[in-house]
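Each remark here refers to the structure printed beneath this line.
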Amino acid sequence: MQSNNSNHNNTAPQQQTVMVVGSGGRCHAIVDALSRSPRVGKIYCAPGNAGIAAQAECVAIQPTDVEGLLKFAKANGVDFTVVGPEAALAVGIVDAFRAEGLRIFGPTKAAARIESSKEFAKQLMVKYDVPTGYYEVFTEFEPAWEYVKARPLPAVIKYDGLAAGKGVVVAMSYEEAEQALRDMLLDSAFGKGKVIVEEYLDGPEFSFMCVVSGEKVFPLELAQDHKRAYDGDKGPNTGGMGAYSPVPFISEEVRREALERILRPVAKAMVSEGVPFTGVLYGGLILTKEGPKVIEFNARFGDPETEVVLPRLESDILTLFEAAVDGTDCELRWSPKACLGVVMASEGYPGAYAKGAVIEGLDATEGRVYHMGTATDAEGRTVTAGGRVLMVVGEGDTVAEANAAALRDVARIGCPSLFHRTDIGHQAL
Ligand code: AMP
Ligand code: GLY
Numbered sequence: 235m236q237s238n239n240s241n242h243n244n245t246a247p248q249q250q251t252v253m254v255v256g257s258g259g260r261c262h263a264i265v266d267a268l269s270r271s272p273r274v275g276k277i278y279c280a281p282g283n284a285g286i287a288a289q290a291e292c293v294a295i296q297p298t299d300v301e302g303l304l305k306f307a308k309a310n311g312v313d314f315t316v317v318g319p320e321a322a323l324a325v326g327i328v329d330a331f332r333a334e335g336l337r338i339f340g341p342t343k344a345a346a347r348i349e350s351s352k353e354f355a356k357q358l359m360v361k362y363d364v365p366t367g368y369y370e371v372f373t374e375f376e377p378a379w380e381y382v383k384a385r386p387l388p389a390v391i392k393y394d395g396l397a398a399g400k401g402v403v404v405a406m407s408y409e410e411a412e413q414a415l416r417d418m419l420l421d422s423a424f425g426k427g428k429v430i431v432e433e434y435l436d437g438p439e440f441s442f443m444c445v446v447s448g449e450k451v452f453p454l455e456l457a458q459d460h461k462r463a464y465d466g467d468k469g470p471n472t473g474g475m476g477a478y479s480p481v482p483f484i485s486e487e488v489r490r491e492a493l494e495r496i497l498r499p500v501a502k503a504m505v506s507e508g509v510p511f512t513g514v515l516y517g518g519l520i521l522t523k524e525g526p527k528v529i530e531f532n533a534r535f536g537d538p539e540t541e542v543v544l545p546r547l548e549s550d551i552l553t554l555f556e557a558a559v560d561g562t563d564c565e566l567r568w569s570p571k572a573c574l575g576v577v578m579a580s581e582g583y584p585g586a587y588a589k590g591a592v593i594e595g596l597d598a599t600e601g602r603v604y605h606m607g608t609a610t611d612a613e614g615r616t617v618t619a620g621g622r623v624l625m626v627v628g629e630g631d632t633v634a635e636a637n638a639a640a641l642r643d644v645a646r647i648g649c650p651s652l653f654h655r656t657d658i659g660h661q662a663l
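Residue numbers (our numbering): 235 to 663.
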C-alpha cells in the first residue's frame, strides 16, 4: 500500500486540518489523495475503516449524525470538510456546516435532489434540452402497467428516491416488468411509491465526474464502472465490481460533446433554478448511436470510479476542493497512466454474506489497496466487514497492463471468503 502521510506529525502553520465524511473505498481514495497534498496537515475520517486508519485518524461518528460532526469539527479545528456518501448530503450536512460558517465540499440538500429525486433530474433535463431517454412518472400500478405493456422491451423501471442501487429494474420480459411495478407501487416495503418508466438506452456506459462550482465546471478524467457481479457482465447488479480510467473508446470529441451538451448545461441549469451546485456532479452516461445521453446523475464522487480517477490526479486536490467552495480557478494535471481497480467482495454479495473473515497478505501488495468494508478485530487483524471489501488498484501504461497489475495484487491477498471479477476493463482491452 503506497501511503504518503509524513505531514501528519509536523503540521506547518499553513497546513489545513481536513475531515472526510464516510467510510468506503471512495473515502479511502479521497483520504489518500489529500494525504499527497503538501497543503494538508491532519486528516480525520468519520467513521473511516481499518484501511483508512493508516492515513487518517478515524472518529466514530456516523455520516448522517450532522450534529455530532459539527460539534467534532468545531472542537477539533477542522478547516475543511469533504463529504463522501449521498446519505449525508440528503440530511443536509452541507447546509448545516455552511450555516455555522464552516467550509465544506458538497452540494446542499436542495441541489443533491439531482441524485435523490429521479423525477427532479428528468424534469431538469427536459426543460434544458439535455439528451436523455423519454420517461413517464407513475404513482398507481394500473396506468404504469398499461404504459409498459404498450411499449417494447426491455422496460426500464426506476423507483424514485434513494434506493442504494436496488431501485432500478431493466426488465427483459413483461412478467418481470409487472413484478417490478407490483413491488414498487403495491408493496409498502418501498414506502410511498412513485416510479419512473423510461426509454431503454443502448450502448457502452461511462462515468463523467465534474467538480462543479455554480456555473464553473472542472472535468475529471473519465472512468467506467462494472455493475454486474460476475465475469462477462453476468449476474445481479451490484454497487460496482471494478472500474478503470481512462476510457479509450470514448473519443475526445464525444467527451467534449458530453461536457458541452450535458455537464455544463446542467450546472448552469441548477443556477437558473435557484439551486446552484457545489461538489461533484457525476454523469452516468451512455454512448448511444445518437451520441452521449444521461442515464442518471449523482451528487457525489462515484464508488468505485473515484478509486481509479483520483490516483491519476497529479495536481493538488485540496486546491480543487477549495476552488469549488470559493469559486476560484484551478488547473488540473493528470497522469497519462491507466488505473484499474478490481473489487474483492464477500461470497454471497449482493445478497446475504458473512462478516469477520480474516484478510491476509495486505502487506505483500505493490499497488494501492483501498478498503471498502473492513474492520480490525480484537486481535488487531484486518477482517471483512461489508459486501464489497477491498478495491485493488493496478497501474500501467495501458488498461491491459493495469488489469494485470491489479490481478497480481489480488492473488497476493489471501481470503477464501472473497470473490472478484477477472475481466474488468474488457471493453477497453
Ligand atoms: P441507475 O441506478 O439509474 O444508474 O441504473 C443502474 C443501471 O441500470 C445502469 O448503470 C444501467 O446499466 C441500467 N440502466 C438504467 N437506466 C437505463 C436506461 N434508460 N437504459 C438502459 N439501461 C439503463
Ligand atoms: N459507481 C456508481 C455510483 O457511484 O453510483
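We treat Cβ as the ideally placed atom computed from N, Cα and C, and that holds for glycine. It should be emphasised that the depicted structure is a prediction, and the values quoted were computed from it without experimental measurement.
> Quick one: Cα of residue 532 to Cα of residue 366, how far?
Replying inline: Those two C-alpha atoms are separated by around 15 Å.
>> Would the region 429-443 count as touching the region 517-534 if we require 3 or more Cβ pairs under 8 Å?
In response: yes
> Start and end of the beta strand (DSSP E) containing residue 418?
Replying inline: Not the beta strand (DSSP E): residue 418 falls in the alpha helix (DSSP H), residues 408-419.
> Given a threshold of 16 other Cβ atoms within 10 Å of its Cβ, counted over all protein chains shown, does residue 419 qualify as buried or as exposed?
Replying inline: buried
> For residue 471, which residues does DSSP report across the bridge?
Replying inline: 462
> Going by Cα to Cα distance, which pick from 452, 464 and 536 is closest to residue 562?
Replying inline: 452
> Cβ of residue 537 within 8 Å of any heavy atom in ligand 1?
Replying inline: no
>> For residue 259, count the other beta carbons within 10 Å of its own beta carbon; 16 or more makes it buried, fewer makes it exposed. Which is it?
In response: buried
>> Classify residue 652: buried if its beta carbon has 16 or more other beta carbons within 10 angstroms, exposed otherwise.
In response: It is buried - the Cβ of residue 652 has at least 16 other Cβ atoms within 10 Å.
> So who's on the other strand from residue 191, going by DSSP bridges?
Replying inline: Only positions 235 to 663 of the chain appear in the structure, and residue 191 is not among them; the question remains open.
> Just to confirm, does residue 479 get its C-beta within under 8 Å of one of the non-hydrogen atoms of ligand 2?
Replying inline: Checking every heavy atom of ligand 2 against the Cβ of residue 479, none is found closer than 8 Å.
> Quick one: any contact between the region 605-624 and the region 566-583, if contact means 3 or more CB pairs under 8 Å?
Replying inline: yes
>> Can you list, in chain order, the residues of its chain with a C-beta nearer than 7 Å to that of residue 498? Leave out the 5 residues immediately preceding and following it.
In response: 451
>> Taking the straight line between their C-alpha atoms, what separation do you get for residue 633 and residue 339?
In response: 31 Å
>> For ligand 2, I want to know if residue 476 counts as a neighbour, meaning its beta carbon is within less than 8 Å of at least one of the ligand's heavy atoms.
In response: Not so, every heavy atom of ligand 2 lies at least 8 Å from the Cβ.
> Taking DSSP as the reference, what is the three-state secondary structure of residue 654?
Replying inline: coil
> Is the beta carbon of residue 473 within less than 8 Å of some heavy atom of ligand 2?
Replying inline: yes
> What whole-angstrom Cβ distance do residue 443 and residue 539 have, given they're in contact under 8 Å?
Replying inline: 7 Å
> What is the rounded straight-line gap between the Cα of residue 654 and the Cα of residue 334?
Replying inline: One C-alpha to the other measures close to 44 Å.
> Which residue's Cα is closest to the Cα of residue 608: 617, 602, 255 and 600?
Replying inline: 617
> Which stretch, first to last residue, makes up the beta strand (DSSP E) that contains residue 447?
Replying inline: 439-447
> Is the closest heavy atom of ligand 2 to the C-beta of residue 580 under 8 Å?
Replying inline: no
> Which residue or residues does DSSP assign as beta-bridge partners of residue 602?
Replying inline: 627
>> The beta strand (DSSP E) that contains residue 250, what's its start and end?
In response: 250-256
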